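Undergrad:
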Amino acid sequence: MLVDAVRQFDWNFLLQKLSVLMVWLLTFAASYALIGEQRRRRAPTMVLAGVPLLVLALYHGFAWMNPQTAIDRYVAVDASFRLIRDMRTAQSSETAAYYAFLHSHTLLAPRQIQPPDIDFVQPLRPADGRKPSIFLIIVDSMRRDYLSVYNPQVAFTARIGELAADSFVFERAFTRYAGTALAIPSIFGGGMVPHMVLQKEFVRRNTLLKLLDVNDYLRVMDIDTHVVDLVPRDGRLVELDRGKGTMEIDLCGTIDELERKLPKDRARPAFFYSLPQNVHIAVATERKVPAGETYPAGFDPRIASSLHRVDGCIGGLLDYLKREQLYDDSVIIVTSDHGDSLGEEGRWGHAYFIYPEVMNIPLIVHLPSWLKARVRTDLDAVVFSTDITPSLYVLLGYQPEDLGPLFGQSFFTPRDGDSSRRRRGMFLLASSYGAVYGAVAQNGRRMYAVDAVGGVEYAVDVSRPSGSLAVTPSMTAFNRQFIKQQLAALAAVYHYQP
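Under the working numbering, the first residue of the sequence shown is numbered 56, with each subsequent residue one higher.
1. Can you tell which of R519, Y272, A514 has its C-alpha closest to the C-alpha of S529?
2. DSSP state of D195, grouped into three classes?
3. Apart from the five residues on each side of it in sequence, which residues of its chain come closer than 6 Å, Cβ to Cβ, to D506?
4. Assess contact between the stretch 267-286 and the stretch 299-306, defined as three or more Cβ pairs (one per stretch) separated by less than 8 Å. Is contact present?
5. On a CA-only basis, which of E456, S391, F467 is nearest S196? Give me that one, please.
6. Does the stretch 431-449 come within contact of the stretch 256-276, defined as at least 3 CB pairs closer than 8 Å?
7. Cutting at 7 Å between CB atoms, please list the residues of its own chain near L313, excluding the five before and the five after it.
8. For V283, count neighbouring C-beta atoms within 10 Å of its own C-beta (all shown protein chains included) and say buried if the count is 16 or more, exposed if not.
9. Could you check how far apart the C-beta atoms of I192 and V389 are, in whole angstroms? I think they sit under 8 Å.
10. Applying the 10 Å Cβ sphere with the 16-neighbour rule, what's the burial state of M252?
11. Whole angstroms are fine: how far does the CA of V258 sit from the CA of V286?
12. Go to V282, then tell me how far its alpha helix (DSSP H) extends in each direction, as first and last residue.
13. Which residues bound the alpha helix (DSSP H) around L295?
14. My output table needs one value for T212: the three-state DSSP class, helix, strand or coil.
15. With distances taken between CB atoms, is the gap from S487 to Y154 smaller than 7 Å?
16. Taking just the CA atoms, how far does A151 sit from S182?
17. Hey, which unbroken runs of the alpha helix (DSSP H) at 4 residues or more fall wholly within the stretch 147-189?
18. For M120, which three-state DSSP category applies?
19. Could you tell me if M247 is buried or exposed, where buried requires 16 or more neighbouring beta carbons within 10 angstroms of its beta carbon?
20. Taking the beta carbon of V548 as the centre, do at least 16 other beta carbons fall within 10 Å, making it buried, or is it exposed?
21. Note down the Cα distance separating Q540 from F156, rounded to an integer number of angstroms.
22. Take the Cβ of R185 as the centre, count every other Cβ of all protein chains shown within 10 Å, and call the residue buried at 16 or more, exposed below.
23. In three-state terms, what does DSSP make of M481?
24. Are the beta-carbon atoms belonging to L556 and P331 less than 7 Å from one another?
25. Could you round the C-beta distance between I369 and I215 to whole angstroms and report it? I think they count as a contact, below 8 Å.
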């Protein structure tokens, strides 16, 4: 139990690596003391370093066999070998320069950025006709395979399943960022953002806020730490969960407050936003599973139980909307900012690495029947959470400009439009707190990542549970060049020079 607890909060394996170094030092000191003075003369100290040096030599010697997949699996259970592998990545000058380039584009200082105005529509005027209310629920860290609509083994999310049966369910949805701090601004902005902890001067590029305000939406929102700098506190805001810390936001409590505070006159359309923390690993793992609740093998019972509660909360919202005759006049979006690693190959958490369980997210979109009749989509095409905002533009009758592959593109098109353009694309991904970047390609079936912190690169077949792929020199060169080009393009958009 102690080992599991340590692993859950040892993101990027830092604690394990430090522990291994300490064990090595203590072992060396003890061995040195036990050998004695005479034996030290006959067996030089260098012999004590023989084992790690031998491992390093064997590691290099067998590189031609390309044992990367087996190695990646083994490091999940052997922290000492993980450290040796990471230490041996003495990079070539070319690799070192490339990793330095990635670091220079990571965790930028606010003074480096000169943010421009970002607009999907210019000039932006109020939309004509009927405007639906919009309910955007982003369940922090919710994994797609913990939902029945994506995984038939799940029986604890019946109400989300009920919503999904009357909604569009996107099979290949991804987040651009592995952590909340960048994922949420990217949703509100409708595109990738500068890699920085706090997004300053965001109103000029908050394309979602511009859409809501020009159409006189009442904002009914949690103002958590991730949107406090994105959304002004003004007369258009009804703030929920005031006085609560972000990690205290519980979806049932938020929805109860929403029902009390949502105006009854319906004079204005409403926009509801919440980022509930029920499923976040730091919250869910502190929660006891209620007596009588059981979950199938392979599911973390604390995460599953927390998501079961979220499922009930969403069910309560659906009941309220139907009772108030709002259900068929509302766009309802249920998604997550990112997923979570829950022990896959030794990984726990998110934010610091790019793997399918973190980047491949659920996305369920309910449309009113009168609005659904106007649009079409391709549920098997790759989509991103950054597509949510331009999609809302289309649903309100606008034709958002295509701002390029760094920005979102509506996953809805008019009935006679082309909805298959994304299948041929390749798109940039990023972690949130380190120089770890990647690409998703082949319509969301392949991912490649460059971890300039750990000094490793890997490729994954998203469609397979243990989908590690052999990394070839040509694959590395191609993906490195793509990532470099995309980061340079992002720097050009936001006018910064690392």
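Just so it is clear, CB atoms sit at the ideal spot from N, CA and C, and this is done for glycine as well.
This one's a predicted model, so the numbers in the text were calculated from it and none came from an experiment.
TA: In brief:
1. Numbered from its first residue, the sequence shown carries residue 529 at position 474. Checked all of R519, Y272, A514; the closest Cα to S529 is A514.
2. The residue given as residue 195 occupies position 140 in the sequence shown. In the three-state reduction of the DSSP assignment, D195 falls in the coil class.
3. In the sequence shown, the residue the question calls residue 506 occupies position 451. In its chain, beyond the 5 residues on either side, V491 have a beta carbon closer than 6 Å to the beta carbon of D506.
4. The stretch 267-286 is in contact with the stretch 299-306.
5. Here the question's residue 196 lines up with position 141 in the sequence shown. Comparing Cα-Cα distances from S196 to each of E456, S391, F467, the minimum goes to S391.
6. Touching, yes, given that three or more Cβ pairs across the two stretches are closer than 8 Å.
7. Residue numbering aside, residue 313 sits at position 258 when the sequence shown is read from its first letter. Excluding positions up to five away in sequence, the list reads V275, L295, F327.
8. Position 228 of the sequence shown, counted from the first residue, corresponds to residue 283. So V283 ends up on the exposed side.
9. Taking the first residue of the sequence shown as position 1, residue 192 is located at position 137. Taking the first residue of the sequence shown as position 1, residue 389 is located at position 334. The pair is a contact, with the Cβ atoms about 5 Å apart (cut-off 8 Å).
10. Position 197 of the sequence shown, counting from 1, holds the residue named residue 252. The sequence given here places Val at residue 252; Met does not occur at that position. Answer is exposed; the Cβ neighbour count stays below 16.
11. Translated into positions along the sequence shown, residue 286 becomes position 231. Translated into positions along the sequence shown, residue 258 becomes position 203. Straight-line Cα distance between these residues: approximately 7 Å.
12. Residue 282 sits at position 227 when you count from the first residue of the sequence shown. That residue, V282, is in no alpha helix (DSSP H); it is neither H nor E in DSSP.
13. Counting from 1 along the sequence shown, the entry for residue 295 is found at position 240. That residue, L295, is in no alpha helix (DSSP H); its beta strand (DSSP E) goes 292-295.
14. Here residue 212 refers to the residue found at position 157 of the sequence shown. Looking at T212 - three-state DSSP - the assignment turns out to be coil, as it is neither helix nor strand.
15. Start at 1 with the first residue of the sequence shown, and residue 487 comes out as number 432. Start at 1 with the first residue of the sequence shown, and residue 154 comes out as number 99. Their beta carbons are not under 7 Å apart, which means S487 does not touch Y154 by this criterion.
16. Position 127 of the sequence shown, counted from the start, is the residue given in the question as residue 182. Position 96 of the sequence shown, counted from the start, is the residue given in the question as residue 151. Reading off the sequence, residue 182 comes out as Ala, not Ser. The straight-line gap from Cα to Cα measures roughly 51 Å.
17. Secondary structure remark: continuous alpha helix (DSSP H) runs of at least 4 residues inside the stretch 147-189, in chain order: 148-159.
18. Here the question's residue 120 lines up with position 65 in the sequence shown. Caution is warranted here: a pLDDT of 47 is assigned to M120, below 50, making its placement in the model unreliable, and the coordinate value is therefore given only provisionally. DSSP places M120 within a helical segment (H, G or I) once states are collapsed to three.
19. Here residue 247 refers to the residue found at position 192 when the sequence shown is read from its first residue. Counting the other CB atoms within 10 Å of its CB gives M247 a total of 16 or more, which places it among the buried residues.
20. What you label residue 548 is simply residue 493 of the sequence shown in a count that begins at 1. By the neighbour-count rule (16 or more Cβ atoms within 10 Å), V548 is buried.
21. The count along the sequence shown starts at 1 and reaches residue 540 at position 485. The count along the sequence shown starts at 1 and reaches residue 156 at position 101. Using only the alpha carbons, I get a separation of about 11 Å.
22. Along the sequence shown, one-based indexing puts residue 185 at 130. It counts as exposed.
23. Taking the sequence shown and counting its residues from 1, one reaches residue 481 at position 426. In the structure shown, the three-state DSSP call for M481 is coil.
24. Outside the shown range of the chain (56 to 553) lies residue 556, about which nothing can therefore be said.
25. The count along the sequence shown starts at 1 and reaches residue 369 at position 314. The count along the sequence shown starts at 1 and reaches residue 215 at position 160. Rounded, the Cβ-Cβ distance is 6 Å, consistent with contact.
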